[in-house]
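Its first residue numbered 258, the sequence shown is counted upward by one per residue in the numbering used here.
C-beta: ideal position from N, C-alpha, C; glycine also.
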Amino acid sequence: MDPKYPTTDFDVFAMREAVKAVHRFVSAPAWSDYVIGPHGSFATATDGSSIDAYERGLTTTIFHAVGTPSMAPENSNTGVVNPDLTVKGDGLRIVDVSVFVSSPRDLRYECCWLLAARASDIIEGRHSMRCLRTRTLPGSSSQRW
Numbered sequence: 258m259d260p261k262y263p264t265t266d267f268d269v270f271a272m273r274e275a276v277k278a279v280h281r282f283v284s285a286p287a288w289s290d291y292v293i294g295p296h297g298s299f300a301t302a303t304d305g306s307s308i309d310a311y312e313r314g315l316t317t318t319i320f321h322a323v324g325t326p327s328m329a330p331e332n333s334n335t336g337v338v339n340p341d342l343t344v345k346g347d348g349l350r351i352v353d354v355s356v357f358v359s360s361p362r363d364l365r366y367e368c369c370w371l372l373a374a375r376a377s378d379i380i381e382g383r384h385s386m387r388c389l390r391t392r393t394l395p396g397s398s399s400q401r402w
């Protein structure tokens, strides 16, 4: 997913001003015993074009792409995806973390795997939408949730 950073005039302006503000902040006398000088490519980001190049090289998102087609109860007017992972009013299924309403703070990979396992069960018709049940897998003595 490409969040299109920085593609608008405002994005460029905001990032340029943020870099200038950081330069001013770390140049303040209060930091003289802590900040020896600028480091790396930040040191050369001093005018409009060099700041633009600096921010284009580093700009990214720290947020996972979630919530675009968020999941909501089937009878809800909100959300795009039903609890069975079908798009409301359509038979299409969405099986990725974009159905999460917000990004999990911990165990992100585990949440992704759990969603994939749940989707597999739903698609194969082995999953009750009312509750999760413990069951024994065919050919195994171990139980799975």
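Residue i in three-state terms, based on DSSP
i: V337; result: coil
i: R350; result: strand
Candidates the options, of which the one nearest residue i by Cα
i: V358; options: P295, N339, Y311, A376; result: N339
i: P330; options: L315, S360, P361, V356; result: V356
i: T325; options: R313, V344, T316; result: V344
i: T335; options: W288, S327, L342; result: S327
i: V292; options: F299, S298, S284; result: S284
i: A275; options: V352, D341, E312; result: E312
Unbroken alpha helix (DSSP H) run spanning residue i, endpoints
i: L342; result: Counting along the chain, L342 falls outside any alpha helix (DSSP H), and DSSP gives it neither H nor E.
i: E312; result: 305-315
Residues near residue i in its chain [Cβ-Cβ closer than 6 Å; skip 5 each side]
i: G294; result: none
Beta-carbon contacts of residue i that lie in its chain and below 8 Å, excluding the five residues immediately before and after
i: C388; result: The predicted model places C388 with a pLDDT of 46, which falls under 50 and marks its position as unreliable, so this point remains unresolved.
Whole-angstrom C-beta distance between residue j and residue i, which should lie under 8 Å
i: A302; j: I308; result: 5 Å
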